[in-house]
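Data first, discussion second: the structure below is written as structure tokens.
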Amino acid sequence: SPGKTVIHHLLDSDDVRYMLSALKELNVKVDLDESKKPALTATVYGSDSGRFPSPVDLEKTTTLFLGNAGTAMRPLAAAVCGCEQGSFVLDGTPRMRERPIIDLIDALKQLGADVSCSETGCPPVEIKAKGIEGGTAKVSGQISSQYLSALLMAAPLARQKVVLEIIDELVSVPYVEMTANLMGKFGVSVVNEDKANKRFIVEAGQKYVSPGEVFVEGDASSASYFAAGAAITGGRVRIEGCGRESVQGDVRFVEVLEQMGASTLWEDHAVTVWREPDVKLKGVDVDCGDIPDAAMTLAVVALYATGPTAIRNVYNWRVKETERMKAIVTELGKLGADVEEGHDYCVIQPPASVKPNVEIETYDDHRMAMCFSLTACAGVPVTILDPRCTAKTFPTYFEELKRLST
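Quick note, the numbering used here runs 1 ahead of the 1-based positions in the sequence shown.
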């Protein structure tokens, strides 16, 4: 959007830094205020054209290295296609080169973009920018909602109306709703036809208009670890920045804790979680298609529940920062749990007692480190290998966990 936008409460994390670095490579001016770390304030200066500027040297390929940040790779792959000219390559870590993006690439091609990815259907992504024509694209929603979110965000750059039709099931619907709500704050309307999550329309001629300031809500996925810690220990935790008015789907994790026996007190922008001394957590059977990140936290809480816990509709665990289904099943097994692994689900039978002093592999996955640290909340010592991997989204996680436990 033209003019400047001030983004408050931006988290200082690896994923955010990769995005900021990419914007710099794309000749977008960003002023960063780091005086209140770990929160950042970024002032972004948009172009009058409403799209990324074309490279100064059109003979040179612009390379964007995005680490393992899917939330940078997918939106940028779509938005960069909106450039009028230029050659671009979007790449990342070895694991990023294993994470599917072909469904997004196919949809962008249907909208007239000149874009491709590797023969495996994963990055790197190559773009010969010529703008986005528009029209109708059919896209899968069962691997990641980020494909649809990326297409929606790029749709106002198209020359014609954009219609996006979901050909199967759309997972993580709350994230798409967040995308549409944010676009609305910038003056662009997204129509979810019949509210059925099957057909989304962005009319032609709409332009992003900066609201001036944007405040980033507290991360509900990160908050899930502290809510779970309270449920496991019986302590009391008040989480500020996420409450009943939250736009994030992962706040529903607290409702799952309620089903397991935890007590909660909801406020508009906060929630308090605890467990009464005479209450034991009980296993649940939950469709976690809308909360796949928080579902990892549930897998560890299940160790301390009575009876089995079934976590369903989480196939996309397999294409995240690591192959999370295999990783979770393996590490839970080390702790003594009996886990049934299915195509898109797992059923966890908690052990009579959790094995102490187990070394937990993190697989360079921030959420593996954070959720398995919760085993210690029940007084069971555990060693987390490579704890620094939490820098991807929550660099100060272990400091915060220590602060709550002392």
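All C-beta atoms, glycine included, are put in the ideal place defined by N, C-alpha and C.
Asked	Found
Classification of residue 134 by the beta-carbon crowding that lies within 10 angstroms, buried from 16 upward	exposed
CB-CB length for residue 376 against residue 301, believed under 8 Å	6 Å
Boundaries (first-last residue) of the beta strand (DSSP E) holding residue 147	Unbroken run through residue 147 is the alpha helix (DSSP H), 147-155; no beta strand (DSSP E).
Residue environment, residue 307, which counts as buried when at least 16 other CB atoms sit within 10 Å	exposed
Entirely enclosed beta strand (DSSP E) segments - the stretch 63-108, minimum 3 residues	88-92
Through-space distance from residue 251 to residue 191, alpha-carbon basis	22 Å
Which residues DSSP lists as bridging residue 136, in chain order	163
Residues near residue 290 in its chain [Cβ-Cβ closer than 6 Å; skip 5 each side]	172, 314
From 188, 164, 184, 196, residue whose alpha carbon lies closest to that of residue 174	196
Residue 360 - partner residues in DSSP beta bridges	384
Under 8 Å between C-beta atoms of residue 410 and residue 298	Residue 410 cannot be examined here, being either before or after the span of the chain that is shown, 2 to 407.
Outcome for residue 28 when other beta-carbon atoms lying within 10 angstroms are tallied against a minimum of 16	exposed
Contact check, residue 109 vs residue 91, beta carbons under 8 Å	no
Three-state secondary structure (DSSP) of residue 214	strand
Residue 356 versus residue 336 - alpha carbon distance	5 Å
Anticipated Cβ contact below 8 Å, residue 386 with residue 363, distance rounded	6 Å
Straight-line gap, residue 327 to residue 39 (C-alpha atoms, nearest Å)	32 Å
Residue 122 and residue 101 closer than 8 Å at C-beta	yes
Cβ distance (whole Å) where residue 445 is taken to contact residue 111 below 8 Å	With the chain covering 2 to 407 only, the question about residue 445 has no answer from this structure.
Counted within 10 angstroms of its Cβ, other Cβ atoms place residue 46 as buried (16 or more) or exposed	exposed
For residue 30, the first and last residue of its enclosing alpha helix (DSSP H)	Run containing residue 30: none in the alpha helix (DSSP H); it sits in the beta strand (DSSP E), 30-34.
Boundaries (first-last residue) of the beta strand (DSSP E) holding residue 46	40-47
Beta-carbon gap between residue 405 and residue 188 smaller than 8 Å	no
Residue 231 (DSSP reduced to helix, strand or coil)	helix
Residue 394 to residue 12 span [Cα, whole Å]	8 Å
beta-carbon residue 7 near the ligand PLP non-hydrogen atom, thresh 7 Å	This structure does not include the ligand PLP; it has no bound ligands of any sort.
Range covered by the alpha helix (DSSP H) that runs through residue 402	398-406
Continuous beta strand (DSSP E) stretch holding residue 346: start and end	346-350
Cβ-based neighbour list, residue 73, same chain, cut-off 7 Å, excluding 5 preceding and 5 following	16, 19, 20, 23, 67
Three-way DSSP call (helix, strand, coil) for residue 330 in this model	helix
Sub-8 Å separation of residue 124 and residue 87 beta-carbons	no
Per DSSP, cross-strand counterpart(s) of residue 116	128
Through-space distance from residue 3 to residue 358, alpha-carbon basis	55 Å
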